[in-house]
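Here is the structure we will look at, set down as structure tokens.
Protein chains: 2
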Amino acid sequence: MTVSMGSMSERTVRGTLPQRLLRLLSLLQVRREWSGAELTERLGVSARTLRRDVERLRDLDYRVEGTPGTAGGYRLVSGRDLPPLLLDDEEAIAIALALATATEVEDSALRALAKLERVLPARLRPRLAAVAGAASIVPYPDTPAVDPLVLGVLAACRHERAVTDFVYRDRSGGESERRVEPHHLVSHGGHWYLIAYDTDRDDWRTFRLDRLRDPRPTHGRFPLRETPESDPATFLTSRFAQGTYRYTVTITLELSAERVRERLYGPLPGRIEARGTDRCEARISAESLDLTCQYTAALLALGVDSAMEAPPEVADRLGAMAARLADRTGSER
Amino acid sequence: MTVSMGSMSERTVRGTLPQRLLRLLSLLQVRREWSGAELTERLGVSARTLRRDVERLRDLDYRVEGTPGTAGGYRLVSGRDLPPLLLDDEEAIAIALALATATEVEDSALRALAKLERVLPARLRPRLAAVAGAASIVPYPDTPAVDPLVLGVLAACRHERAVTDFVYRDRSGGESERRVEPHHLVSHGGHWYLIAYDTDRDDWRTFRLDRLRDPRPTHGRFPLRETPESDPATFLTSRFAQGTYRYTVTITLELSAERVRERLYGPLPGRIEARGTDRCEARISAESLDLTCQYTAALLALGVDSAMEAPPEVADRLGAMAARLADRTGSER
DNA sequence: TCATCGCGGCCACGATGTGACCGCATCGCT
DNA sequence: AGCGATGCGGTCACATCGTGGCCGCGATGA
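In the order they appear, the protein sequences are chains S and D.
Numbering follows our numbering, with no gaps: position 43 of the first sequence is 43.
Start counting at 1 in the second sequence, then tack on 1000, and there's your number in our numbering.
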């Protein structure tokens, strides 16, 4: 269709009107200011038609400002409505990545990611996965990267209440096919978790997204279901309380849990629980000795700890640290 | 224009063709699958026209799949090109926020943010600023939030090499009007920095974005200029070396700088410099005693430190910590 | 002062969008 | 197997709309 043989001059193919309007909008989004001549040349239309196109955009409630005079031109400024965003490949990837690694996650971010996932060209998918894999530097260095596309698909499924299949790799490394009703997506401690009702096992389960592969929506829809705990985050925390990793440290702090969270910089691989109004207990559990020691040390540096329970490896490390500190206090100052 | 008095039924106003195509695209982005009837109803056109609209989208290289049969419908799947993203208010804010707080920042992310900033409706701007202010929880709690819009404007200015004016508040609190050539935007240690050539002072300066207000592009353009250090990050680091905050700690570590960075979880408010192949020096400098102590403790927890220099407040804190640790090693285990 | 640019009215012509028909293929349900 | 719902695309007649080429106007900057 749209044969348009003839000129085919330069780069302009003189497509249909909607296409041309999108191209115009796209150009206006890339650069702040364009002269009429530049635009007519790129769009391959007469100046009169360009003016009409601009007028059409204005009718669509997108504010295009024009300034007359020698140094005149057209500019797209913020209007009443948000015009369609016309992104290039790089930008789309950057947005997907930013949304997936966002620390503060709202439902709207998941919806946006779902939209993007739906339309992201196939050729960009491997690239995005690669970038996502390389970008797990922050904020938790040992955090396995979660594929933004997996997150996007799950967000869409959740939004549409679609029963979803996927492949899950449990902690022992075995893979199994699962069928669940995805209810919540939660980012916690640098990991993404799916809270879902497993229809095969007839119970609630949490899944780590970095262990989850190839999610596929099925045609089945599911009704809203009452979560065991009203709050997804609470539910997740109660699950974590069960899970214990290689090194676990428990510290009692003589300060309210809120104040500790305030004064502590960065998130903790573990949890802080109130023990009365001015006391709380922090529990750090991780696979890495370095990480465990560092966060334990950071907590102790608050100077409000009253008791601590730690495995020998951690205690040794910290004991050695204390010894070195004591030495220096005597000698250096 | 576009009077269309008459039916005005339900919600459909039967706008122009480009508008309708955008609405169709928007609908297809919101939900995975739509039946033809739903779409004709919402768009206010006949089924035949809907089919033609779908065909038009396909001609524009957006893959719309249709499935015949009782449970049929239309679906937008990823095609060759990225269709225009049609976002609602919430999603736009979520994306702006995610881009501005992204830890890994590429040029493409800045470009995307600049685009978004250009078109973000005025009514959303205060909301975005408010959300951004509230969302400074992570990853550095004391980090003042940077307004994503400020970042967006500067990214656009930089991209277009536009000389830029803004108001800057220096460390003493005084505000001054600046005119600069914005060359780089760098995120470092939870802060955003603008590296720019100050045309009034005829020298390179770095500006913290959270102290920067009301950036405005001027009409002037600037040429590329050689940065003092080739790498923006290096330049920033060399500036930091000069700047000293309230509490500064220096630690010598008997391990290569690379290994330290690898083993250390989370970024450091300071820098790590090599001192030979198997030795490095870490310098922590911050305004907050809590933060300084926590990161110092984390570094010490690596167990590879051989010397340390710290101000009395920090030394006291850590000394007390060491004492408590020593007590416990005796009593508890 | 003048050239340059954006603005918008007018006109004539051609292109295109539209709804109403049609028969066809595919799918799910009975 | 058959039926109905659905998507697909062809054709036709009609109305609408887009287009380029004019024109004069007003604002801007050299």
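Virtual Cβ for every residue (Gly too), placed ideally from N, Cα, C.
This one's a predicted model, so the numbers in the text were calculated from it and none came from an experiment.
Under 7 Å by beta carbon: chain S residues contacting residue i
| i | result |
| --- | --- |
| A1298 of chain D | Q294, A297 and A298 |
| A1112 of chain D | L87, E91, A94 and I95 |
| R950 of chain D | Look at the range of chain D in this structure, 1001 to 1333, and you will see that residue 950 of chain D is not part of it. |
| A1109 of chain D | A94 and A98 |
Best match in the options for proximity to residue i [C-alpha to C-alpha]
| i | options | result |
| --- | --- | --- |
| E1177 of chain D | D:L1076, D:L1149 and D:F1207 | D:F1207 |
| T252 of chain S | S:G276, S:R246, S:R263 and S:D231 | S:G276 |
| R201 of chain S | S:V180, S:P215, S:G220 and S:P217 | S:V180 |
| P232 of chain S | S:R261, S:A71, S:A323 and S:D107 | S:D107 |
| E287 of chain S | S:A297, S:R118, S:D278 and S:V249 | S:V249 |
| A1092 of chain D | S:K115, S:S256, S:A71 and S:R317 | S:K115 |
| A37 of chain S | S:R48, S:V30 and S:Q29 | S:R48 |
| T199 of chain S | S:S187, S:G220 and S:Y193 | S:G220 |
| L76 of chain S | D:S1256, D:G1066 and D:A1156 | D:A1156 |
| V1119 of chain D | S:S26, S:G303 and S:R111 | S:S26 |
| E226 of chain S | S:R31, S:L154, S:P126 and S:Y197 | S:Y197 |
| H159 of chain S | S:A100, S:P217, S:L124 and S:Y193 | S:P217 |
| Y1074 of chain D | D:L1113, D:A1315 and D:R1032 | D:R1032 |
| A100 of chain S | S:P228, S:A310, S:R127 and S:D147 | S:D147 |
| E1254 of chain D | D:H1183, D:L1028 and D:G1303 | D:G1303 |
| E90 of chain S | D:A1320, D:L1113 and D:E1273 | D:L1113 |
| Q1294 of chain D | D:L1028, D:L1264 and D:L1021 | D:L1264 |
Test item: CB-CB of residue i and residue j under 8 Å
| i | j | result |
| --- | --- | --- |
| F1222 of chain D | R1161 of chain D | yes |
| Y175 of chain S | L149 of chain S | Note on identity: in this sequence residue 175 of chain S is Glu, with Tyr being the wrong assignment. For E175 of chain S and L149 of chain S, no; Cβs fall outside 8 Å. |
| A130 of chain S | L97 of chain S | no |
| L1299 of chain D | D1290 of chain D | no |
| R1063 of chain D | G1079 of chain D | yes |
| P1018 of chain D | P18 of chain S | yes |
| S35 of chain S | G72 of chain S | yes |
| A109 of chain S | A1094 of chain D | yes |
| D81 of chain S | P1121 of chain D | yes |
| D61 of chain S | L24 of chain S | no |
| L336 of chain S | L185 of chain S | Here chain S comprises residues numbered 1 to 333, so residue 336 of chain S is not present and cannot be evaluated. |
| R283 of chain S | A1301 of chain D | no |
| A322 of chain S | L1151 of chain D | no |
| T296 of chain S | G1319 of chain D | no |
Residues bridged to residue i (per DSSP)
| i | result |
| --- | --- |
| M308 of chain S | S:I251 |
| E175 of chain S | S:R169 |
| S285 of chain S | S:T248 |
| P217 of chain S | S:T164 |
| I1091 of chain D | What sits at residue 1091 of chain D in the sequence shown is Glu, not Ile. Per DSSP, none; premise fails for E1091 of chain D. |
| A1274 of chain D | D:C1280 |
| R1205 of chain D | D:A1196 |
| R75 of chain S | S:E33 and S:E65 |
| V1180 of chain D | D:T1164 and D:D1198 |
| L212 of chain S | S:Y168 |
| L1085 of chain D | S:L85 |
Contact list for residue i against chain D, beta-carbon separation under 7 Å
| i | result |
| --- | --- |
| G303 of chain S | R1317, A1320 and M1321 |
| R324 of chain S | D1305 |
| A257 of chain S | Here the premise fails: no neighbours, minimum Cβ distance about 15 Å. |
| T248 of chain S | Neighbours of T248 of chain S on chain D: none; closest Cβ ~14 Å, over 7 Å. |
| L151 of chain S | Here the premise fails: no neighbours, minimum Cβ distance about 12 Å. |
| R328 of chain S | M1308 |
Residue i: contacting residues in chain D (beta-carbon distance under 9 Å)
| i | result |
| --- | --- |
| R80 of chain S | P1121, A1122 and R1123 |
| A282 of chain S | Chain D residues near A282 of chain S: none, gap ~13 Å exceeds 9 Å. |
Chain-ordered chain S contacts of residue i [CB-CB under 8 Å]
| i | result |
| --- | --- |
| L1021 of chain D | P18 |
| P1217 of chain D | R32 |
| A1129 of chain D | Simply none; closest approach about 14 Å. |
Listed by chain order, chain D residues near residue i by CB distance under 8 Å
| i | result |
| --- | --- |
| L116 of chain S | L1085 |
| L76 of chain S | R1118 and V1119 |
| R335 of chain S | The shown model of chain S, from 1 to 333, leaves out residue 335 of chain S, and the question about it has no answer. |
| D147 of chain S | Under the 8 Å cutoff, chain D gives no residues; its nearest Cβ is about 15 Å from D147 of chain S. |
| E106 of chain S | E1090 and A1094 |
| L99 of chain S | A1094, I1095 and A1098 |
Interface partners of residue i on chain S, CB under 9 Å
| i | result |
| --- | --- |
| D1210 of chain D | Result: empty, since nearest Cβ-Cβ is about 17 Å, beyond 9 Å. |
| E1160 of chain D | R31, R32 and E33 |
| L1060 of chain D | G15, T16, P18, Q19 and L22 |
At least three beta-carbon pairs within less than 8 Å, the stretch 1152-1168 of chain D to the stretch 1208-1220 of chain D: With a cut-off of 8 Å, the stretch 1208-1220 of chain D and the stretch 1152-1168 of chain D count as touching, because enough Cβ pairs lie within range.
Please determine if the stretch 76-86 of chain S and the stretch 1038-1046 of chain D are in contact, where contact requires at least 3 C-beta pairs separated by less than 8 Å. Output reads no: the stretch 1038-1046 of chain D does not touch the stretch 76-86 of chain S.
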